[in-house]
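Residue numbering for the sequence shown follows the working numbering, starting at 128 and increasing by one per position. Notes follow the structure.
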Amino acid sequence: MNVVPTVEQIIERNGGKVSEIYYVACGGSLVDMYVSDFFVRTESVGITSGWYTANEFVHAAPKRLGATSVVILCSHSGNTPETVAAAALARKAGAQTVGLTYNKEAKLLDESDYSFVYEWGDETRVHNNPMAIMLDLTINLVDKLEGYAHIEAFRKGMDIIDTVVANAEKQVEPRTKEFADKYKNETMFYVLASGASYGHAYGFSICSLMEMQWLDAAPIHSGEFFHGPFEVTDEDTPFIVARGLGRTRELDDRVLTFLDKYAKKVEIVDAKELGLDLIDDAVSEYFNPILFYSVLSKYRYALSVVHNHDLDVRRYMGKVEY
Ligand SMILES: O=P(O)(O)OC[C@H]1O[C@](O)(CO)[C@@H](O)[C@@H]1O
128 MNVVPTVEQI IERNGGKVSE IYYVACGGSL VDMYVSDFFV RTESVGITSG
178 WYTANEFVHA APKRLGATSV VILCSHSGNT PETVAAAALA RKAGAQTVGL
228 TYNKEAKLLD ESDYSFVYEW GDETRVHNNP MAIMLDLTIN LVDKLEGYAH
278 IEAFRKGMDI IDTVVANAEK QVEPRTKEFA DKYKNETMFY VLASGASYGH
328 AYGFSICSLM EMQWLDAAPI HSGEFFHGPF EVTDEDTPFI VARGLGRTRE
378 LDDRVLTFLD KYAKKVEIVD AKELGLDLID DAVSEYFNPI LFYSVLSKYR
428 YALSVVHNHD LDVRRYMGKV EY
């Protein structure tokens, strides 16, 4: 998808003034936004950002929300009521709203100044998935507003990410089956990551393991592991570590050094070993979550097979009042 016309219109509407970008959604759509929020937090000098579950945005909106805010909202179905309400609220406050959805008839589109109806299901074209579109939009917006030194390296990364992911998926296929066989009777997993990838520790826990497999799971930031969680470590507790590339890899490595001594059930998903180092070091960390999403989806599929538990089965979601 070409994000440039949207970037230009956003900038034109406010005479080049954007003071904050808010990322607002629920569940898996929210997870997909984490990397963009992380990018703004760590790379922008003049723009602040916030990452909000939609209902919290509605009930406790930031005071700064206003005409110079850009609010990016994503809903796969396009009709999640909290996300649609957040878009309406953002618009009422004078902010510019960008809506992403898979559904051409989405209610979210009625509340969006700019929209992206994205592709889904073609695993070979991850650059057209919402996570990549939002990241592309964010990086181009920051670049146009204040300059981003590694924009060309990022664009080159976008050109090859589909190939990197396709190769990585093939590479992990056998080990996802081994993982599923080894861990089929486990009921609790701790999922660790850091930096741009932390959103996927959260997402794999709440969406893939809890929602789709009805298993207990908890995300732990690699940096936080040594500030409480590591006390549960023993030889029987399973850990999944998404070992990213980039500035915070050291945090993941510190966890792995500790687990190597005190744990026995450790699954490492390493972005470097899976070929992400084909992308320039200056930007590869922003591609970690795109790779991890696709690769971890293979892990969850393998678990669903050994559990004979279809990934689409729900007990409560969309079935009862909540
Ligand atoms: O992206 P949407 O359609 O707003 O849906 C959000 C819902 O979808 C999921 O991300 C995945 O089923 C849930 O976690 C969440 O309730």
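In this text, a Cβ means the ideal position worked out from N, Cα and C, and glycines have one as well.
For the options Gly330, Ser335, Tyr317, Val393, the alpha carbon positioned closest to that of Ile347 is the one of Tyr317. A residue is listed when its beta-carbon falls short of 6 Å from at least one non-hydrogen atom of ligand 1; in chain order these are Cys153, Gly154, Gly155, Ser156, Ser202, His203, Ser204, Thr207, Thr210, Cys334, Glu338. For Tyr420, the closest of Phe331, Arg442, Leu235 by C-alpha to C-alpha distance is Phe331. Thr303 and Glu448 have their C-alpha atoms some 36 Å from each other. Going by beta carbons, Ser242 and Gly226 fall inside the 7 Å limit. Between the alpha carbons of Phe357 and Ala390 lies a gap of roughly 10 Å. As for any beta strand (DSSP E) of minimum length 3 sitting wholly inside the stretch 229-264, the runs are 241-244, ordered along the chain.
Judged by DSSP secondary structure, Ser156 falls within the alpha helix (DSSP H) whose first and last residues are 154-158. Cβ-Cβ separation between Gly322 and Thr375: approximately 3 Å, consistent with a contact (criterion under 8 Å). Contact fails between the stretch 367-381 and the stretch 262-276, because fewer than three Cβ pairs, one in each stretch, are under 8 Å apart. In the displayed model, His277 falls within coil according to three-state DSSP, outside both helix and strand. In summary, Trp178 is buried, with 16 or more beta-carbon neighbours lying within 10 Å of its beta-carbon over all protein chains present. Pairing Asn141 with Thr195 gives a Cβ-Cβ distance under 7 Å. For Ala213, the secondary structure class from DSSP, reduced to helix, strand or coil, is helix. Leu372 is positioned such that its CB atom lies closer than 7 Å to that of Ser411. In the DSSP secondary-structure assignment, Gln223 is bridged to Val197. When DSSP states are grouped into helix, strand and coil, Arg441 belongs to the coil group. With distances taken between CA atoms, Thr175 lies nearest to Tyr149 out of Ala181, Ser156, Tyr149, Ala320.
Arg374 carries a coil assignment under DSSP once its states are collapsed to helix, strand and coil. Only residues of its own chain outside the window of five on either side were considered, and among them Glu170, Ile266, Val269, Phe281 have a CB closer than 8 Å to the CB of Tyr275, listed in chain order. With a contact defined as Cβ atoms closer than 8 Å, Val162 and Leu262 qualify at about 6 Å.
When DSSP reads this structure, Ile395 sits in a beta bridge with Val368.
Each residue's CA atom was taken as its position, placing Val359 and Glu250 some 37 Å apart. Here DSSP, grouped into helix, strand and coil, assigns Ser411 to helix. Among the bridge pairs identified by DSSP, Gly177 is matched with Tyr149. Looking at the DSSP output, Ile406 sits in no beta bridge, so it has no partner there. Short of 7 Å from the beta carbon of Ala213, and not among the five residues preceding or following it, lie these beta carbons of its own chain, in chain order: Val151, Ala181, Phe184, Val185, Leu200.
Beta-bridge annotation (DSSP): Leu319 is paired with Ile347, Val368. Looking at the backbone, the Cα of Lys425 and that of Glu139 are separated by about 42 Å. Between Ile417 and Val253, the gap from beta carbon to beta carbon is short of 7 Å.
A residue is called buried when at least 16 other Cβ atoms come within 10 angstroms of its Cβ; Asn415 meets this threshold and is buried.
The beta carbons of Val422 and Ala295 sit closer together than 7 Å. Rounded to the nearest angstrom, the Cβ distance from Asp407 to Lys219 is 41 Å, too far for a contact under 8 Å.
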